[in-house]
Amino acid sequence: MSTFEKKTLFVTEPLIDLGGGVFLPNGTYPVEVEYLPLNLRGQECWELGRVLVYFTRKALEDLGFDLSGNSASELSFDVSRFVGMFGVRIG
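Structural data, given as structure tokens:
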């Protein structure tokens, strides 16, 4: 069973392209981190699963995201593929 923790995402690059026209500017962001259990040679360890950063509708509009025709009040993006590279880390 996976486990979730609240952490902080640190972005030091000027912009990270999340796709779909959304760019994450440098700064700190609250995230929810999922860890997945692994069994390696009989020893339990944890692997990073998803790292979800949540944006309110207002925050997405401030970032230039076009929400016309979208009724969502909040969207989340999995940024786990950026952790450890591109100046992105979890603290």
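Residues 1452 to 1542 (the working numbering) are what the sequence shown spells out, left to right.
Each residue gets a CB set at the ideal place from its N, CA and C atoms; glycine is no exception.
All values derive from a computational prediction rather than experimental measurement.
Own chain, CB closer than 8 Å to residue i, minus 5 neighbours either side, in chain order
{"i": "serine 1453", "result": "Glu1485, Tyr1486, Leu1487, Pro1488, Gly1500"}
Residue nearest to residue i in terms of C-alpha spacing, selected from the options
{"i": "leucine 1503", "options": "Gly1471, Leu1466, Val1462, Leu1526", "result": "Leu1526"}
{"i": "leucine 1469", "options": "Gly1542, Gly1515, Gly1493, Cys1496", "result": "Gly1515"}
Length of the line joining the Cα atoms of residue i and residue j
{"i": "phenylalanine 1474", "j": "proline 1465", "result": "10 Å"}
{"i": "glycine 1471", "j": "lysine 1458", "result": "25 Å"}
{"i": "glutamate 1498", "j": "alanine 1523", "result": "31 Å"}
{"i": "threonine 1463", "j": "glycine 1478", "result": "7 Å"}
{"i": "tyrosine 1505", "j": "leucine 1518", "result": "15 Å"}
{"i": "asparagine 1521", "j": "arginine 1492", "result": "47 Å"}
{"i": "phenylalanine 1533", "j": "proline 1476", "result": "13 Å"}
{"i": "lysine 1509", "j": "glutamate 1483", "result": "20 Å"}
{"i": "isoleucine 1467", "j": "isoleucine 1541", "result": "15 Å"}
{"i": "methionine 1536", "j": "glutamine 1494", "result": "28 Å"}
{"i": "threonine 1507", "j": "serine 1531", "result": "20 Å"}
Local Cβ density within 10 Å of residue i, reported as buried at 16 or more and exposed below that
{"i": "phenylalanine 1455", "result": "exposed"}
Contacts around residue i, its chain only, beta-carbon distance under 7 Å, and the 5 residues preceding and following it disregarded
{"i": "glycine 1538", "result": "Val1462, Thr1463, Glu1464"}
{"i": "cysteine 1496", "result": "Leu1489"}
C-beta atoms of residue i and residue j nearer than 9 Å
{"i": "leucine 1460", "j": "tyrosine 1480", "result": "yes"}
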